[in-house]
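Visitor: Counting the sequence shown from 1 gives a position; this note's numbering is that position plus 190. To start, I am sharing the structure in question, which I have written as structure tokens.
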Amino acid sequence: MPIDVKVPEMGESITEVEVSAVLKCKGDFVAMDESVVELESDKATVEVPAPAAGMLVEILVEEGA
């Protein structure tokens with residue numbers, strides 16, 4: 191059953207983020223809480239963890255998006 195990886199709340203003053211790095215590839219196995227993508231704003235850079243263990247079946251964003 192697919193599980194979405196969602197952008198975490200980054201604070202009220204941050205209204206826009208960019209995908210600075212996709213850390214895993216389609217088909218990779220990931221552990222729960224393993225970083226899968228890196229987001230960057232004008233104030234912070236945050237790694238987004240996998241919400242569950244499993245295989246990454248689809249990547250819906252590209253770096254720079």
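Where is the CB? At the ideal position from N, CA and C, for every residue including glycine.
1) Give a single yes or no on whether A242 has its beta carbon closer than 6 Å to a heavy atom of the ligand ATP.
2) Give the secondary structure of I211 by DSSP, where H, G and I count as helix, E and B as strand, and everything else as coil.
3) Would you call A243 buried or exposed, if buried means 16 or more other Cβ atoms sit within 10 Å of its Cβ?
4) Return the bridge partner residues of S225 from the DSSP annotation.
5) Assign L213 to buried or exposed, taking buried as 16 or more other Cβ atoms, counted over all protein chains shown, within 10 Å of its Cβ.
Guide: To lay it out plainly:
1) Although the ligand ATP was asked about, the structure shown includes no ligands whatsoever.
2) The sequence given here places Ala at residue 211; Ile does not occur at that position. If DSSP states are grouped into helix, strand and coil, A211 belongs with the strands.
3) exposed
4) P239
5) exposed
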